[in-house]
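Take a look at the structure set out below.
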Amino acid sequence: MDKNLAELLNDQINKEFYSAYLYLDMANFYSDKGLDGFANWYEIQAKEEQDHAMLIYQYLHNNNEKVTLKAIAKPDKTFTTLMDPLKAGLEHEQYVTSLINNIYSVATQVQDYRTVQFLDWFVKEQGEEEKNSTDLITKMELFGDDARTLYMLNSELAARVYSAPSLVL
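Quick note: the sequence shown uses our numbering, first residue -11, plus one each step.
Have a look at this one:
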């Protein structure tokens, strides 16, 4: 595997674990506000990000590449309103999409088609992540100002269950 590509994948492991930390921080914010459904939604997001990191970790190992684990930064966002984490979540997913796109571009340039194929799942996943974040913002804009509809949205988010990714390495 190209050295630069392997390094980018290693860095992405760290970014995925950071994403999990960020989403746990958002879950803490909502939990403190008594919105357990919103907290549940972000706790599941955190689990997904951990799985994404582990998929890349396993992929590198399966390709005889060294995995170098780095320190995970502390989330640096401050949330004031109920909308703040939602907007920060979308912004973060767009950032992660740019990272995945960059890795994909490098894999294509070095003609590492096995890695390109591996990354296809992540490209699709990022599209889903951005749509989910956008949909949640839209719902909050529509329903967040009314206590009853906020309660219903919170209940909807509380019903979300975790589903592990089904990517074959």
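Ideal Cβ positions, reconstructed from N, Cα and C, are used throughout, including at glycine. Fair warning: this is a prediction, and the values are worked out from it, not measured in the lab.
Where do the ends of the alpha helix (DSSP H) carrying residue i lie?
i	result
R136	A135 to A146
L70	Counting along the chain, L70 falls outside any alpha helix (DSSP H), and DSSP gives it neither H nor E.
A34	D24 to N50
For residue i, which residues of its own chain have a beta-carbon under 8 Å away from its beta-carbon, when the five flanking residues on both sides are left out?
i	result
K119	none
I32	R148, V149 and Y150
K62	Y9
Q99	none
G22	none
R102	N51
Y30	Y11, L12, M14, A15, Y18, P73 and G77
For residue i, does the three-state DSSP call read helix, strand or coil?
i	result
Y18	helix
M128	helix
I10	For the sequence presented, residue 10 should be read as Leu rather than Ile. Three-state result, L10: helix.
V111	helix
T56	coil
Q82	helix
K62	coil
V104	helix
A(-6)	helix
Y150	coil
Q99	coil
Going along the chain, which residues of its own chain have a beta-carbon closer than 6 Å to the beta-carbon of residue i, five neighbours each way excluded?
i	result
E113	none
F67	F17 and P73
S7	E37
Y92	L107
E158	Given that the chain is displayed from residue -11 to residue 157, the structure contains no residue 158 and the question cannot be resolved.
Measure the Cβ-Cβ separation of residue i and residue j and say whether it is below 7 Å.
i	j	result
I60	F5	yes
L(-3)	L48	yes
F26	L130	no
I88	Y45	no
G77	S121	yes
G115	L70	no
N51	M(-11)	yes
A152	D24	no
How close, in whole Å, do the beta carbons of residue i and residue j come, if the pair is a contact with beta carbons under 8 Å?
i	j	result
A34	Y11	4 Å
A95	V104	5 Å
K65	D13	7 Å
Quick one: residues in its chain with C-beta nearer than 7 Å to the C-beta of residue i, no 5 flanking neighbours on either side, listed in chain order?
i	result
L138	F131 and G132
K54	none
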